[in-house]
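Scroll down for the structure; my scribbles are underneath it.
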Amino acid sequence: MAVAAAAAALLVAFWFQQSLSTTKQPPRLKETVPFVSNTYQYLSNAGAFIDRVTYVETNSNILKFYVGFTPAYIVVGAKNVQKILNSPTTLDGHFLQLLLMKNHWGWNKEEIAKFANDHSGRAKVPAVEGVSDEERYWFGHNQLYVDFLSHRAHADSMAQNFFRFLLERLDHGQNGSWSTVRLMEVLKSTMGEAAIMSLYGTKIIETNPGFVQAYWDFDEVGGHLVWGLPHFLQRKSVAIKDELHAMTRRHLDSAWEQFEWDGPDAESMWEPHFGSRLARETCRWLRDRGFSDHAQAGHTMALLFGLNGNTVPVTMWVLIELLRDPALYAAVQAECLPLLSVDPATGERRIDGQRLASQPLMQSLYVEIMRLHVTFNVSRTATQPVQVEDYVIPAGALVQTCSQIAHYDEEAWGCDGHPASKFWAYRNVKYVDGQPTFAMRGRPSAFFPYGGGYIVCPGRFFAKQEILLAVAAFVTKFDIEFVGWLNLDGSQSDRAPENDKRYAAFIAMHPDRDVAIRWKKRWE
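Below is the structure:
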């Protein structure tokens, strides 16, 4: 019986392959067992898969493989990347978010169908006629971010709340004398908690002891849950996800019960129950359109994963590079210190996040770290046959372009003495009349850590502010000295951190080593 089933599967695979052979096909990624080997590695070890694709020798900008029996194509080259990012009528990018709704957020079929059946698009003008405003789910959902995250007043409020919470948490356990700590542990606990509270309020922490650690447990497995492998293959990961989902549901139940929608905080930028206006209005929007509170809790998880999953590891990488290079540390500190001020009424330290994000070296450093450590596969499905160069990609195929390949492109990013594969903080700084200015070296088609085209992370500007504010907090509030590299279990390591490929393809790659530092406060 098993032999017959295997033979039938091979016949189906042979027929499927023959059906595609009538058109010119690009080079195919080799595999030991056809339709199996690449699929398994792609779903279970994306980092190793992307490395294989990066270094495979071909004379083509397109490489073909299969995910199961679904044809898939990796596309590189500036013009090709632009086509992948900006062809919404032929290359659909919504399928990945629909997968997340099912496998991350825990939405039911009816809730997912509301988005899946909405073909009106994300733009203000609907792509199809006859769709009511209430049924324009993609546009309505996107508009929440436009109104309550991209809008400067809301972004600045969240950024200042984050900075305030971060300084408070950094003060805990610091008595002003020198002490030795593990940097990654400090960042995960202080920056992670400050980010959560700036977005979702303080009650989410108070009602859920251990919430921050539960989030980081989920962060470690979240990427592997996206594709929906059978539960028996990932029981531990599913249990971790379910525990965090239960916590976010407990928080939302409390918020709905305690918050006064007709009270003084109804239009406030932040309050302790729901947190930011973005979080509050998102929950209201979902409930008004018939989504369950369980779905709202899943959406909360999604925002946390998108935010902390990138900002904390990127900040860690920035601080690692500063600790490696005292001159760079001093230069960054010199950009940050003049932006620090004291509120005369409260005595609180503040920093202008918008001005910070416009400093030449800080911007260059941010782009360089994102370039080297964020690997994200922009994914589309072909809704009809699509021609890319000399090849026709069939309808139903998966089409991807990998940020890792674009971000390490020597032609786009390399310069004398500073190859694209190596960190150089000043890669995106040029001097005009003797003054440093920010000028990104690579073209936009070679830099897309947050996605690109018509589907791009709406929180990217706030994430940038958060990363730079965290760096500024460390270099202005503390004197910091490098002690040594550590393994993740706290034991000494004989090498510096490298990218942890377990996080590849979805979010920023964490360092695979920690850092021991000595620090003490410069000011209270």
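Residue numbers (mature numbering (1 follows the signal peptide of the UniProt record, and there is no 0)): -21 to -1, 1 to 503. Heads up, the beta-carbon is just placed ideally off N, CA and C, and yes, glycines get one too.
Coarse secondary structure for residue i, derived from DSSP in three states
i	result
Ile372	strand
Val15	coil
Pro305	helix
Tyr52	strand
Arg329	strand
Thr416	strand
Pro476	coil
residue 506	Residue 506 lies beyond the range of the chain shown here (-21 to 503); nothing can be said about it.
Arg161	strand
Cys315	helix
Val346	helix
Gln61	helix
Ser168	helix
Thr37	coil
Thr186	coil
Thr380	strand
Gln338	coil
Gln366	strand
Pro490	strand
Ala(-14)	Because Ala(-14) carries a pLDDT of 47, less than 50, the predicted location of this residue cannot be relied on, and the following value inherits that uncertainty. Helix, per DSSP.
Ser23	helix
Val110	coil
Ser320	strand
Leu467	coil
Arg148	helix
Gly155	coil
residue 548	The structure shown does not extend to residue 548, since the chain is modelled only from -21 through 503, so no value can be given for it.
Val32	helix
Leu78	helix
Gly202	helix
Glu503	coil
Leu447	helix
Ala102	coil
His83	coil
Close Cβ partners of residue i (< 7 Å) along its chain, the five nearest in sequence each way excluded
i	result
Phe457	Trp498, Lys499, Lys500 and Arg501
Gln20	Ala27 and Phe28
Ala95	Leu77
His224	Gly85, Ala276, Gly277 and Met280
Ala310	Leu340
Gly314	Per the sequence presented here, residue 314 reads as Glu, with Gly not at that position. If we look at Glu314 and ignore the five residues flanking it on each side, its Cβ neighbours are Gln338, Leu340 and Met341.
His397	Trp403 and Arg406
Residues of its chain near residue i, where Cβ-Cβ distance is below 6 Å and the 5 sequence neighbours each way are ignored
i	result
Thr290	Ala442, Glu445 and Ile446
Leu162	Val494 and Ile496
Val110	Ser99
Cys436	Tyr429 and Gly430
Trp157	Arg497 and Lys499
His252	Gly180, Lys182, Ala234, Gln237 and Phe238
Val60	Thr380 and Ser424
Cross-strand partners of residue i (DSSP beta bridge)
i	result
Glu460	Arg497
Ala484	Phe355
Asp71	Thr360
Lys43	Arg7 and Tyr52
Gly431	Ile434
Ser233	Looking at the DSSP assignment, Ser233 forms no beta bridge with any residue, so it has no partner.
His397	Cys394
Ser216	DSSP lists no partner for Ser216.
Whole-Å CB distance - residue i paired with residue j, under 8 Å assumed
i	j	result
Leu22	Trp249	Actually they are not in contact, since the Cβ atoms of Leu22 and Trp249 sit about 39 Å apart, beyond 8 Å.
Gly72	Ile372	At roughly 15 Å, the Cβ-Cβ gap does not stay under 8 Å, so Gly72 and Ile372 are not in contact.
Met488	His352	5 Å
Leu377	Thr49	6 Å
Val384	Gly202	The sequence given here places Ile at residue 384; Val does not occur at that position. That belief does not hold up - the Cβ atoms of Ile384 and Gly202 are roughly 18 Å apart, past 8 Å.
His230	Thr294	Not really, about 25 Å apart at Cβ, beyond 8 Å.
Ser296	Pro490	It is worth fixing the name first, because residue 296 is Trp in this sequence and not Ser. Right, their Cβ atoms sit about 6 Å apart.
Asn356	Cys381	5 Å
Leu335	Leu149	The Cβ separation is near 17 Å, so there is no contact.
Glu108	Asp97	At roughly 13 Å, the Cβ-Cβ gap does not stay under 8 Å, so Glu108 and Asp97 are not in contact.
Ser320	Arg329	5 Å
Lys409	Ala399	That pair is no contact at about 17 Å.
Gln312	Asp135	About 23 Å; that fails the 8 Å criterion.
Sequence-distant residues of its chain with Cβ nearer than 8 Å to residue i (five each side left out)
i	result
Lys167	Val191, Trp195 and Val291
Tyr124	Leu257, Pro437 and Gly438
Arg492	Trp464, Leu465, Asn466, Leu467, Ser472, Arg474, Ala475, Pro476 and Glu477
Arg7	Leu42, Lys43 and Phe44
> Curious, which full-length alpha helix (DSSP H) runs of at least 4 residues does the segment 112 to 144 contain?
Replying inline: 116 to 124
>> In chain order, what are the residue ranges of uninterrupted beta strand (DSSP E) at least 3 long that sit wholly in the segment 238 to 309?
In response: none
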